[in-house]
Each structure stands twice: as C-alpha cells, then as structure tokens.
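**Student:** If you scroll down you'll find the structure; I have some questions about it.
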Amino acid sequence: MGCTVSAEDKAAAERSKMIDKNLREDGEKAAREVKLLLLGAGESGKSTIVKQMKIIHEDGYSEEECRQYKAVVYSNTIQSIMAIIKAMGNLQIDFGDPARADDARQLFALSCTAEEQGIMPEDLANVIRRLWADNGVQACFNRSREYQLNDSAA
2 MGCTVSAEDK AAAERSKMID KNLREDGEKA AREVKLLLLG AGESGKSTIV
52 KQMKIIHEDG YSEEECRQYK AVVYSNTIQS IMAIIKAMGN LQIDFGDPAR
102 ADDARQLFAL SCTAEEQGIM PEDLANVIRR LWADNGVQAC FNRSREYQLN
152 DSAA
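Laid out in structure tokens, this is it:
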C-alpha cells in the first residue's frame, strides 16, 4: 500500500480526461448550431427553402444527389403536365392546335413507364415540349389556382 497511482488508474484517468474533452467540444459545437423549425401547409415551399440553404451555404449537391433528384424532377414534370391536361377538360379549355389532342393521348400512354423507370424518353420529352408550347395549355396553366397543381410546375 503506497501513495503512488497504479498504471490502470493512470489509464482510466487519461480516458476520463479524453471523454470530458470530447463532451466539452460537442457541447461547444451544439451551442453554435442553429436549428430551425419550418411549419407550413403542403406545397408551401418548406423543403425548397432547405434545398436553397444547402445550395447557398454548403457545397451544393454531389453527383449522386443530382442523379437521385433527376428521377424526381422527371416525375414532377410528367405529373404537372398531366394535371394541366386533365384540368383543361374540367375548365373547358381547348387546345390551340387540335393536333395537340393526339399528343395528350400519347402523353398518358408514355408516362406510366417513364415514371416507373425514372427516365425521360426523347419521344415523351418532345410530346411535353409541344404540349407546353400550345396556347390552350398555357391558358390552363395561367388558371392553375383553380385546380391542384404542384408548386414545382411554376
């Protein structure tokens, strides 16, 4: 029985100091961290704000994140143009060019497989471009507050 500290006690004391140091550093980091609660109705732009903050204050999106969002963008595009075309019937808006009615039928036929696979085939992209350029589709889009349309469509 002596007055010296054993090697085990020294190791335990060293571990304790490291744990205390890590706790202090974590506490300081947490004190500098800002948390924000975003509340709002559906489609009000909550996630858009978070995405914009990431782009502005971080390094933006990685290649993998961009690839993952690509399918979402395609899906939103398809869903939005389909919603506009469906609303044209409800709002009794005709196509500016009657040939666009065939494009609308083609849109509905091609959209299922494109959304499932997360791709945008060239023929579907061309159909969407022609529909979007139509005066009747634009008139319906301008009345979007009269039907449910994703915010991302604007």
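For the sequence shown, our numbering begins at 2 and goes up steadily by one.
From the three backbone atoms N, C-alpha and C, an ideal C-beta is built for every residue, glycine too.
(1) Buried or exposed: T78, going by 16 or more other Cβ atoms within 10 Å of its Cβ?
(2) How long is the line joining the alpha carbons of K52 and A154, rounded to whole angstroms?
(3) Whether or not the region 41–51 and the region 89–103 are in contact is what I'm after, with contact meaning three or more pairs of Cβ atoms, one per stretch, closer than 8 Å; do they touch?
(4) Distance check for D98 and L150, CA to CA, integer angstroms please.
(5) Counting along the chain, where does the alpha helix (DSSP H) carrying A242 start and finish?
(6) Taking the continuous alpha helix (DSSP H) assigned at K36, which residues delimit it?
(7) Which first and last residues belong to the alpha helix (DSSP H) in which G90 is found?
(8) Excluding sequence positions up to five away, which residues of its chain have a Cβ less than 8 Å from the Cβ of Y62?
(9) Here's the rule I'm using: 16 or more other beta-carbon atoms within 10 Å means buried, otherwise exposed. How should C141 be labelled?
(10) For S81, count neighbouring C-beta atoms within 10 Å of its own C-beta (all shown protein chains included) and say buried if the count is 16 or more, exposed if not.
(11) Roughly how many angstroms separate the alpha carbons of N127 and M121, rounded to a whole number?
(12) For a quick check, are the C-beta atoms of S101 and D135 less than 7 Å apart?
(13) Suppose contacts are defined by Cβ-Cβ distances below 7 Å. Is V138 in contact with I85 by that definition?
(14) Quick check on Q53: does DSSP put it in helix, strand or coil?
**Tutor:** Put simply:
(1) As a working note, residue 78 is residue 77 in the sequence shown. Buried: at least 16 other Cβ atoms inside 10 Å.
(2) Translated into the one-based positions of the sequence shown, residue 52 becomes position 51. Translated into the one-based positions of the sequence shown, residue 154 becomes position 153. Rounded to the nearest angstrom, the two C-alpha atoms are 17 Å apart.
(3) no
(4) Residue numbering aside, residue 150 sits at position 149 when the sequence shown is read from its first letter. Residue numbering aside, residue 98 sits at position 97 when the sequence shown is read from its first letter. Going from the Cα of L150 to the Cα of D98 covers about 23 Å.
(5) Not covered by the structure: residue 242. The range shown for the chain is 2 to 155.
(6) In the sequence shown, residue 36 corresponds to position 35, counting from 1. Neither: K36 is in no alpha helix (DSSP H) and is coded neither H nor E.
(7) Taking the sequence shown and counting its residues from 1, one reaches residue 90 at position 89. Taken as a continuous stretch (DSSP letters only), the alpha helix (DSSP H) holding G90 covers 64–91.
(8) Position 61 of the sequence shown holds residue 62. Excluding five sequence positions before and after Y62, the CB atoms of its chain that fall closer than 8 Å to its own CB belong to K55, I56, Y70, given in chain order.
(9) Here residue 141 refers to the residue found at position 140 of the sequence shown. Buried, because 16 or more other Cβ atoms sit within 10 Å of the Cβ of C141.
(10) Taking the first residue of the sequence shown as position 1, residue 81 is located at position 80. Classification of S81: buried, given that the 10 Å Cβ count is 16 or more.
(11) Mapped onto the sequence shown, residue 127 falls at position 126. Mapped onto the sequence shown, residue 121 falls at position 120. Between N127 and M121, the C-alpha separation is close to 10 Å.
(12) In the sequence shown, counting from the first residue as 1, residue 101 sits at position 100. In the sequence shown, counting from the first residue as 1, residue 135 sits at position 134. Note on residue identity: the sequence assigns Arg, not Ser, to residue 101. Yes, Cβ-Cβ distance for R101 and D135 is below 7 Å.
(13) Position 137 of the sequence shown, counting from 1, holds the residue named residue 138. Position 84 of the sequence shown, counting from 1, holds the residue named residue 85. Yes; because the gap between Cβ atoms is below 7 Å, this pair is in contact.
(14) Translated into the one-based positions of the sequence shown, residue 53 becomes position 52. Three-state DSSP puts Q53 in a helix.
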